[in-house]
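If you use this note's numbering, the sequence shown closes out at 142, no skipped numbers anywhere.
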Amino acid sequence: MSKTALILFAHGARDPLWATPVRGVRAAVLAQAPDLRVELAFLEIMSPALGECAESLLGEGFQRIVVLPMFIAQGGHLKNDVPILLEALRQRHPHARFELAGAVGEAEIVVQAMAAHVLALSEG
């Protein structure tokens, strides 16, 4: 079995506090699975960039990298920009596997969690 790492991939923003929720997701994952390698990367403005994060993980011996877009839905960045970034990584590292998961906001469990939140607000 190949050594796997996950990258929680977010858009990025000028305000450093913008990344607080995605950092919270990473912390929650690590609290439940401390041996799982989970890192954060950003499309723009914030560091590390996806390529930098992936290169670091490859340097540590990870052979399979799953990129999970922390986006509410698939838009232009996920349809156009991210595949180009991943293809460049695949060209530089043909021995490694790079997998792109669907946008986290499109996962049924996340949709249901958002619906539950909406319903909870309506009860207040």
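Every residue gets a Cβ at the ideal spot worked out from N, C-alpha and C, and that includes glycine.
Taking 8 Å as the threshold (C-beta atoms), are residue j and residue i in contact?
i, j, result
"L107", "L58", "no"
"V122", "V128", "yes"
Starting from residue i, trace the beta strand (DSSP E) both ways and give me its first and last residue.
i, result
"L86", "R82 to P87"
"L58", "R55 to F60"
In whole angstroms, what separates the C-alpha of residue i from that of residue j?
i, j, result
"V40", "L61", "13 Å"
"E105", "A91", "21 Å"
"A125", "F80", "26 Å"
"I83", "A138", "36 Å"
"V56", "L86", "10 Å"
Could you spell out the range, first to last residue, of the alpha helix (DSSP H) harbouring residue i?
i, result
"P48", "Correcting the residue type first, residue 48 is Leu in the shown sequence and not Pro. Taken as a continuous stretch (DSSP letters only), the alpha helix (DSSP H) holding L48 covers T38 to Q50."
"A72", "L68 to G77"
(message) Could you tell me which whole alpha helix (DSSP H) segments of length 4 or greater appear in the segment 91–139?
(response) 100–110
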